[in-house]
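**Q** Starting off with a structure, shown below.
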Amino acid sequence: MNENYTWRNDTDPFNPGALDRIIYLDSVLSVENAFVLLLIPCCYWTRPWLRVDDVVLDAQSGYYDHLPIVVDFVIANSP
Numbered sequence: 024m025n026e027n028y029t030w031r032n033d034t035d036p037f038n039p040g041a042l043d044r045i046i047y048l049d050s051v052l053s054v055e056n057a058f059v060l061l062l063i064p065c066c067y068w069t070r071p072w073l074r075v076d077d078v079v080l081d082a083q084s085g086y087y088d089h090l091p092i093v094v095d096f097v098i099a100n101s102p
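Pasting the structure below:
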């Protein structure tokens, strides 16, 4: 399975995919770090500080919402 997916539906015939993008100009910004945020295993869904719908739209069907892309940008030096 692709580990860089931003969307998945466990009951769908489609594989998880990277559907979400960030568009930027590399002449203005450069990427220092980037990742897709998926930190929530099912054992934590019952914790009082976390709701299932924070990431999962329908826990029974396994349908996930789009996952956030986190990027650290560095502003390019001016010439």
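Using our numbering, the final residue of the sequence shown is 102, and nothing's skipped along the way. The beta-carbon is built from N, C-alpha and C at its ideal position, and this holds for glycine as well.
Could you check if THR34 is buried or exposed, using at least 16 other CB atoms within 10 Å of its CB as the buried criterion?
**A** On the sequence shown, position 11 is the one that residue 34 refers to. THR34 should be labelled exposed.
**Q** Do you know how far the Cα of ASP43 is from the Cα of PHE58?
**A** In the sequence shown, counting from the first residue as 1, residue 58 sits at position 35. In the sequence shown, counting from the first residue as 1, residue 43 sits at position 20. Rounded to whole angstroms, PHE58 to ASP43 spans 12 angstroms at the Cα level.
**Q** When you compare only the Cα positions, how much space is there between GLU55 and ASN100?
**A** As a first step, residue 55 is located in the sequence shown; it is residue number 32 there, counting from the start. As a first step, residue 100 is located in the sequence shown; it is residue number 77 there, counting from the start. Cα to Cα, the separation comes out at about 14 angstroms.
**Q** Once the 5 residues before and after LEU60 are set aside, which same chain residues still bring their CB inside 7 angstroms of it?
**A** Counted from its first residue, the sequence shown places residue 60 at position 37. Within the same chain, LEU60 has close Cβ partners LEU90, PRO91, VAL93.
**Q** According to DSSP, simplified to helix, strand and coil, what is LEU60?
**A** Looking up residue 60 in the sequence shown gives position 37. For LEU60, the secondary structure class from DSSP, reduced to helix, strand or coil, is coil.
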